[in-house]
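Q:
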Amino acid sequence: MENLNSYLIMSAILFAIGTIGVLTRKNVIVIFMCVEMMLNAANLSFVAFSRHLGNMDGQIFVFFIMTVAAAEAAVGLALIIAFYNNKESIDVDDVSIMKW
Amino acid sequence: MSNVLSLTTFLPILGVLLLLFIPKDSKGVLRNVTLAVTVVTFLVSLIILTGFQANAEFQFAENVPWIAAGPFIMRYNIAVDGISLWLVILTTFIMPIAVLSTYTAVEEKVKEYMICLLLLETGMLGAFISLDLFLFYIFWEVMLIPMYFMIGIWGGKNKIYAAVKFFIYTMVGSLLMLVALIFLYFKGMEAGITDFGLLNFFSLKLDMATQIWLFLAFAFAFAIKVPMFPLHTWLPDAHTEAPTAGSVILAAVLLKMGTYGYVRFAIPLFPDAAHKFAPLIATLAVIGIIYAALVAMVQEDVKKLVAYSSVAHLGFVMLGVFAFNVEGITGGMLQMLNHGISTGALFLIVGFIYERRHTRLITDFGGLSKQMPIFATIFMIVTFSSVGLPGTNGFVGEFLILLGAFESQLRWWTIVATSGVILSAVYMLWVFQRVMFGELDNPKNQKLLDLNAREIAIMVPLLVMIFFMGLYPKPFIDKMDPAIKKLVAQVRVAPVNAQTMPVEAVSQKMPAGYQENGMPPGHPGMETPSASQAAPAVNPHDAK
Amino acid sequence: MFDNVWLIPLFPLIGFLINGLFGKKIKNEAVIGGIGTLMIFFSFLVSCGILMQMIGLPPEQRVFEKVVFPWIHCGNFKADMAFLVDPLSCVMIMVVTGVGSLIHLYSIGYMHGEEGFYRFFAYLNLFCMSMLLLVLGSNMLVMFIGWEGVGLCSYLLIGYYFHKKSAGDAAKKAFVMNRVGDFGFLIGLFTLYWWFGSNHNIWTINFTEIKAASHLLPYGGVVTVATLCFFVGATGKSAQIPLFTWLPDAMEGPTPVSALIHAATMVTAGVYMIGRMSFVFIKSPETMMVIAVVGAATAIFAATIGTAQNDIKRVLAYSTVSQLGYMFLAMGVGAFTAGIFHLMTHAFFKACLFLGSGSVIHSMHHALHKIHSHDDAQDMRNMGGLRKAMPITFITFLVSTIAISGIPGFSGFFSKDEILWMSFSNAYHGNLNIVLWGIGAAAALLTAFYMFRLVFMTFFGECRIKPEAKSYLHESPLVITIPLMVLGVLAAVGGYLGMPKIFGMLPNYFEHWLEPVFELATEYGSKYAQHGAHPSHTLEWGLMGLSVVIALVGIATAFTMYVKNTELPGKFVATFPALHRAVYNKWYVDELYDFLFVNPCKALGQFLWKGFDIVIVDGVVNGVANVVMGISGIFRYMQSGYIYNYAFSMALGVVVMLGYYIFK
Amino acid sequence: METLFFLIISFVAIVSAILVITCKNPINSALALIMTFFCLATYYVMLDAPFMAAVQVMVYAGAIMVLMVFTIMLLNIRVDSSKKHSHKLVFGSIIGFFTVLNSIIVIVKGRAALPTGPYSGEMIQKFGHTELIGREMFTNFLLPFEVTSILLLVAIVGAVILAKKKI
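Those protein sequences? They're chains A, B, C and D, same order as listed.
In terms of our numbering, the first sequence opens at residue 988 and continues consecutively.
In terms of our numbering, the second sequence opens at residue 8 and continues consecutively.
In terms of our numbering, the third sequence opens at residue 508 and continues consecutively.
In terms of our numbering, the fourth sequence opens at residue 231 and continues consecutively.
1) Counting only runs of 4+ residues fully inside the region 873-948 of chain C, write out the alpha helix (DSSP H) ranges in chain order.
2) Applying the 10 Å Cβ sphere with the 16-neighbour rule, what's the burial state of B/W420?
3) Less than 7 Å separating the beta-carbons of C/A854 and C/A766?
4) When DSSP builds the beta bridges, which residues end up paired with B/L368?
5) Apart from the five residues just before and just after C/A806, which ones in its own chain have a Cβ nearer than 6 Å to its Cβ?
6) Please go through the same chain and pick out, in chain order, the residues whose beta-carbon is closer than 6 Å to the beta-carbon of B/E128, but skip the five residues on each side of it.
7) The alpha helix (DSSP H) spanning B/W93 covers which residue range?
8) For the structure I just gave you, are there three or more beta carbon pairs, one from the region 438-449 of chain B and one from the region 736-752 of chain C, closer than 8 Å?
9) Just how far apart, CA to CA, sit A/M997 and D/S240?
10) Consider the Cβ of D/I386: report whether some Cβ of chain C lies at a distance smaller than 7 Å.
11) Any idea if C/W1094 is buried or exposed, counting beta-carbon neighbours within 10 angstroms, 16 or more meaning buried?
12) Where does C/P594 fall in DSSP's three states?
13) What residues of chain B sit near C/H619, judged by a beta carbon separation below 7 Å?
14) Under 8 Å between beta-carbons, which chain D residues line up against C/G1160? List them in chain order, please.
15) How about the region 473-486 of chain B and the region 336-344 of chain B: do they share at least three Cβ pairs that are nearer than 8 Å?
16) Three or more beta-carbon pairs under 8 Å between the region 940-949 of chain C and the region 870-888 of chain C, yes or no?
17) Quick check on B/A170: does DSSP put it in helix, strand or coil?
18) Would B/M184 pass as a contact of B/F225 if the rule is Cβ separation under 7 Å?
19) Tell me the DSSP secondary structure of C/G695 in three-state form.
20) Counting along the chain, where does the beta strand (DSSP E) carrying B/V71 start and finish?
21) From this set, B/Q306, B/S317, B/F323, B/Y315, which residue's C-alpha is nearest B/L291's C-alpha?
22) For B/Q522, count the other beta carbons within 10 Å of its own beta carbon; 16 or more makes it buried, fewer makes it exposed. Which is it?
23) Since B/I160 contacts B/K116 with CB under 8 Å, what's their CB separation in whole angstroms?
24) Could you give the DSSP three-state label for C/W710: helix, strand or coil?
25) Measuring alpha carbon to alpha carbon, tell me which of A/T1054, A/D1044, A/M1043 ends up nearest A/L1026.
26) Look at the alpha carbon of B/Y144 and the alpha carbon of B/G268, and state the distance between them as a whole number of angstroms.
27) Going by C-alpha to C-alpha distance, which of C/M601, C/S918, C/V764, C/S1139 sits closest to C/P1007?
28) List, in chain order, every chain C residue whose beta-carbon is nearer than 7 Å to that of D/V336.
29) Once DSSP output is grouped into helix, strand and coil, what is the label at B/A112?
30) Taking a Cβ distance cut-off of 7 Å, strictly less, list which residues of the region 352-381 of chain D are near chain A, in chain order.
31) How would you call C/N1133, buried or exposed, if buried means at least 16 neighbouring beta carbons within 10 angstroms?
32) Is the CB of B/T48 under 7 Å away from at least one CB in chain C?
33) Rounded to the nearest angstrom, how far is the Cβ of C/F628 from that of C/G540, given a contact under 8 Å?
34) With a cut-off of 7 Å, does the C-beta of A/A1029 fall near any C-beta of chain D?
35) Comparing alpha-carbon positions, which option in C/K857, C/I819, C/S1147 lies nearest C/A884?
36) Report all residues from its chain with a CB closer than 6 Å to the CB of B/D88; omit the five preceding and five following residues, and keep chain order.
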């Protein structure tokens, strides 16, 4: 087993890359994938800590996060399809009616 | 049957659940189910009425732990006494009538409308029976939301403005009350009170400055709801824009929340401050009476006129309540019921003609008596009830209020207020004359139909109550009397206490004679209230 | 019998309910009218029974109180639905039910064919019930139910022809003016209740209890305040200055209503109330003086207006106001018995006069209707010479006119002369007495004048109605003339019940009858009365003769002006145009009130609504809202709607917060 | 040996993660993301959590990514049409940089708590990871586990409604 810190740093890097993706990309699906990546980064921390502390709770949480991710994927993709049906586009810049 | 009170309160919610399973297009079913739910609620509430013992105790009490969040302990603590009993009954009584009045008035979004009505009923009932300050606050807010939607969705032309105005006005008051409530709770914690139970706070001895601030916060919230001059301007707008049932409920029950709040919370919690502010509040009440009457006189819209007359009537209630004697408060309580019935009936009447003509301008009418004799008769009876003619309900309350206020230190206020009796006759009769009398010259009015069976069925219970309460108010007074006597005893000691400061200032100059008079230093004259409270106070922890 | 006193108001109530609820379905006028009339007649029978029983009792036992059910009990306050039977209320119930029955009977004929026939009888019964509650109430609150109840019925009946705007206006005016009076009544009630309660711990509004405790009341002071307030109530109900203007307008109602409500019963409620509480009123010399002065002033003031009116009913209305002034004058000079006596005789002759005028109007209306003329059936200028067409009406009318004018032998003479004599000889008002008497006498002159003017214009001279209508003029049916005849007889002989002692022919039954009611008041009054030399019989005879002469002068003037020399009135008007205009327009009192009260109220209301409510209160509220909206209008540009902007700010926030905790 | 393996895996993970956010074609991004997920599964194996690794592969790499790829295909979006990418990239990179910086400082400066739980490496070897996690899941976390099913149900209903209707 490797040192805890290295896993955490790895997790941080993946999370940051995911953030950058969410902030910079315009394609909704890619943004969505980046969100998944951020969730996975968090999962990694959970598992690493769980192993370090000798406690299963973290892994159970990961399990739940995966469930949520699955649910999110289902609903989110449905939303994207609905959006595409309306706008013929999946560009987030086209979703700007949520303003003043 | 120990939790009949909860049953009454939450039956409408069950009704909401039932409604959820009914398709929204079957309007008839929706209406009938709602009506059935409200009628059943009324019947259940009659159990409370018949089982109620005419004493000063809180009855049908239910007290279970509810939320315990750190230092905050809220309990589901409900009960009725003579003060809230009749308001509960009034609420359950008015609801079927209000529902019945919407059968043809509301055609869009019937399901949502009915759900709003039922939620509103739960909110109102809950607020009347809560003995836990926090629970009260929650119900208080619960009432607000359905009403907001009722005005905002099913209202008239200017509905959004009216709804938002109503909401913001009420919300400002509520938030002040919330702050005061939490402050009061912390004060209570210092004195060893562990939850929000209202009865615990009665024995809390607050110093004058605290009392004043807390009273002001509470009074402000309630004054908006009453509404008292000059915080009344939301009322005409809300009433004019609200659908008929909304106006009826607003007038009949929601406004009573304000006055009830004074009787149940603001005055007994802060008796000294209440006494200190009595002249001010009486002044506002009297201004309200005269002012609203004068303004009502020149209204062009019938509904607005009725709304202003509400302000005047509730001014009377406030005057009676702040007389701090049995007659005044009994009169105030009776007047609340009377106003609920008479003004509710007036709004229904306005609703009837609005449904037929889609206008409420007085000038559009005239001579309707000829075309609608039944309507004319009912309108007249209700008008005279509103004017306070002896033999109708309006008189008993108004008379007791004026009598009580005249006995108290508010004598001069009373004399001015009594002149409101004249003005009320002026504006009510004038509008009656302009709508019902004269030539039937508007061609649109010549084809008007008289009331149908449903509309008559709506009005008959109200008319019966108008005469019953006017001719035989004894059962009403008897049930509320002990509770009011207790309240008066609780409050009456205060004048001595209110003079604490000057008396103590004087007593320092001549300590010898004064202290020997049996006045314990610090809280002169406070023995009596604690004694009177010791007996009835239901300890919330034991009650379970 | 006393125990059944509650039946008296109950019968009319039943009649009201039957006619009110089912009258529309019944349709048959005879049934409706029959129910209405019979119900009040039953009350009359019960009243007779009570009267008989009371006559059989010794005077000091003639008080009986019957609690029907408890009404308002609250704290110290206690008011039961209870009835008080004593000689005074006995007189009143006899008058109300007796005259009431006759007028009901009359109405069957008079209202024949009217659209709301059932409505009329329902209201009439309701009125009788309220009036009976008023006179029978054993406490002020029951009295007040009746007090307002009669106001209500008056409202309903004046507004009976609701399609006429003037009727609606008049009804409203009557109710509102009555309300002004009620305001006074209530304040008076409160004052008395509060004073007794806080000073002597006697919390009561019961007449008997107040009477028992009345020795505690001081002279003047709080009693003056209370009684003045009560008197305001009385002025409203009994149409005295300053609240008299509603009564002439009330003539918009059907004529039987005018007879019953606005002549015989309701308007006398104020007098009755003062009589009922004489033991309180007498304790305030100031109030007594005010009452006397107001009464006298009203008597003369209304009489002057009466001389210039052309509407037959309006003349009678002003005459009523004037006669009520007499009654108040009597009350004010402590001659309670005389006041009540005049109340009774006035009920007879004025009811007869109104019904007679109704008969005339009925006939005129019928005739004008036949020729499709729109001439006013009530305008005396259209009448004349009717005595041949309507002999019974004429005779009864004439008898009543003689009675009201104060010709010896008829009822009005005894009561009016008693009042005049008492106002001259009473011991309360000192030098004011002569003035009071003078005004009373002057009013008597005017009364005789305008009443005979009315008779002459209506029944004598040329017939001024369009010739083609003449043949349609005829005597009214029996159902109308029978009440006229009964009342005519009563107007003639009713006075013998209370013949002044000075005549020595008959004992003054009336005075003896009411003695137990008023003796306490007399006793209190004697405490401050200035007893001068006892006025001699010669003086009394002299004044009596003088008043007869005055009446005759009035009659003679009227005869000259309206029979012999009919150009005289025109000349008179031409000579004093301003005076005539003022009198004709009722001294512009209505306009004055409009200017002083009505218009300012409306203007104030408008100002408060448009100025205060909308501009100031709502302005502040909306202003706050607008400020919030303005500020948020700037901040809203932060909401670009682009998701990455929101995500960016969120991420930035997280980073900054984290950074703060790390680097702090 | 293990360190080297860790570094290789890390390298692959970071490169594929960067590919996710840089590829123009969403399909490519998706494939890169699958790669990242595999790397994470490898980490889990290294952390003595084989069950988690299996789930990771099945749920993420299998189910979710297939769903995504389907969506991409369904919508037939080829190339990200973004033009003004640069300034956003700068801001995004700054945020990303500071995120990493913050995290690393926390990780380096902070000290993890000492092991408290009973699940040591030996224990996992002895009983098997799947059994341990199952025991935990169906005893202490039974209620949340069941609630999860409702969440999924709601998600299914939501997805069906959203995808079906023309909103």
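Even glycine gets a Cβ: it sits at the ideal position worked out from N, Cα and C.
Note that the coordinates shown come from a computational prediction; the quantities given were computed from them, not determined experimentally.
A: If we stick to the structure as given:
1) 893-896, 898-912, 918-932
2) Translated into positions along the second sequence, residue 420 of chain B becomes position 413. With 16 or more Cβ atoms within 10 Å of its Cβ, B/W420 is classed as buried.
3) Translated into positions along the third sequence, residue 854 of chain C becomes position 347. Translated into positions along the third sequence, residue 766 of chain C becomes position 259. In this structure, C/A766 does not lie closer than 7 Å to C/A854 by Cβ.
4) Here residue 368 of chain B refers to the residue found at position 361 when the second sequence is read from its first residue. BP columns for B/L368 point to B/D308.
5) Translated into positions along the third sequence, residue 806 of chain C becomes position 299. So the list reads S829, G832, Y833, A950, once near-sequence residues are dropped.
6) The sequence position of residue 128 of chain B within the second sequence is 121, counting from 1. Same-chain partners within the cutoff: P19, M102.
7) Numbered from 1 along the second sequence, position 86 holds the residue referred to as residue 93 of chain B. B/W93 -> alpha helix (DSSP H) spans 89-108.
8) no
9) The sequence position of residue 997 of chain A within the first sequence is 10, counting from 1. The sequence position of residue 240 of chain D within the fourth sequence is 10, counting from 1. Approximately 7 Å, taken between the alpha carbons.
10) Indexing the fourth sequence from 1 puts residue 386 of chain D at position 156. No, because no Cβ of chain C sits closer than 7 Å to the Cβ of D/I386.
11) Reading the third sequence from its first residue, position 587 is the one you call residue 1094 of chain C. By the neighbour-count rule (16 or more Cβ atoms within 10 Å), C/W1094 is not buried but exposed.
12) Against the third sequence, residue 594 of chain C aligns to sequence position 87. The answer is helix: DSSP assigns C/P594 an H, G or I state.
13) Within the third sequence, numbered from 1, the residue matching residue 619 of chain C stands at position 112. In chain order: nothing, as chain B lies at least about 20 Å away.
14) Position 653 of the third sequence, counting from 1, holds the residue named residue 1160 of chain C. The contacting residues do not exist; C/G1160 stays about 10 Å from chain D at best.
15) yes
16) By the criterion of at least three beta-carbon pairs nearer than 8 Å, the region 940-949 of chain C is not in contact with the region 870-888 of chain C.
17) For the purposes of this step, residue 170 of chain B is taken as residue 163 along the second sequence, with counting starting at 1. Helix, per DSSP.
18) Reading the second sequence from its first residue, position 177 is the one you call residue 184 of chain B. Reading the second sequence from its first residue, position 218 is the one you call residue 225 of chain B. Yes.
19) Against the third sequence, residue 695 of chain C aligns to sequence position 188. Helix, per DSSP.
20) Within the second sequence, the letter at position 64 stands for residue 71 of chain B. That run of the beta strand (DSSP E) goes 66-76.
21) In the second sequence, residue 291 of chain B corresponds to position 284, counting from 1. Cα-wise, what sits closest to B/L291 is B/F323.
22) Residue 522 of chain B sits at position 515 when you count from the first residue of the second sequence. Here the model assigns B/Q522 a pLDDT of 40, short of 50, so the residue's position is not dependable and the matter cannot be decided.
23) The residue you call residue 160 of chain B lines up with position 153 of the second sequence. The residue you call residue 116 of chain B lines up with position 109 of the second sequence. So it is a contact: roughly 7 Å between Cβ atoms.
24) The count along the third sequence starts at 1 and reaches residue 710 of chain C at position 203. Here C/W710 sits in coil by DSSP.
25) Your numbering for residue 1026 of chain A matches position 39 in the first sequence. Answer by Cα proximity: A/T1054.
26) Taking the second sequence and counting its residues from 1, one reaches residue 144 of chain B at position 137. Taking the second sequence and counting its residues from 1, one reaches residue 268 of chain B at position 261. The alpha-carbon atoms of B/Y144 and B/G268 are separated by roughly 11 Å.
27) Working through the third sequence from its first residue, we reach residue 1007 of chain C at position 500. Distance from the Cα of C/P1007 is smallest, within the candidate group C/M601, C/S918, C/V764, C/S1139, for C/S918.
28) Translated into the one-based positions of the fourth sequence, residue 336 of chain D becomes position 106. The answer, in chain order, is I1169.
29) Locating residue 112 of chain B in the second sequence gives position 105, counting from the first residue. Three-state DSSP puts B/A112 in coil, outside helix and strand.
30) L362, I363, E366, M367, F371, P374, T378, L381
31) Within the third sequence, numbered from 1, the residue matching residue 1133 of chain C stands at position 626. The Cβ neighbour count for C/N1133, taken over all protein chains shown within 10 Å, is under 16; the residue is labelled exposed.
32) Taking the first residue of the second sequence as position 1, residue 48 of chain B is located at position 41. Not closer than 7 Å to any Cβ of chain C, the Cβ of B/T48 fails to qualify, so no.
33) Numbered from its first residue, the third sequence carries residue 628 of chain C at position 121. Numbered from its first residue, the third sequence carries residue 540 of chain C at position 33. Contact flag correct, Cβ pair sits at about 6 Å.
34) Position 42 of the first sequence, counting from 1, holds the residue named residue 1029 of chain A. No - not a single Cβ of chain D is within 7 Å of the one on A/A1029.
35) Locating residue 884 of chain C in the third sequence gives position 377, where the first residue counts as 1. Ranking the options by Cα distance to C/A884, first place goes to C/I819.
36) On the second sequence, position 81 is the one that residue 88 of chain B refers to. Taken in chain order, the residues that qualify are F65, A490.
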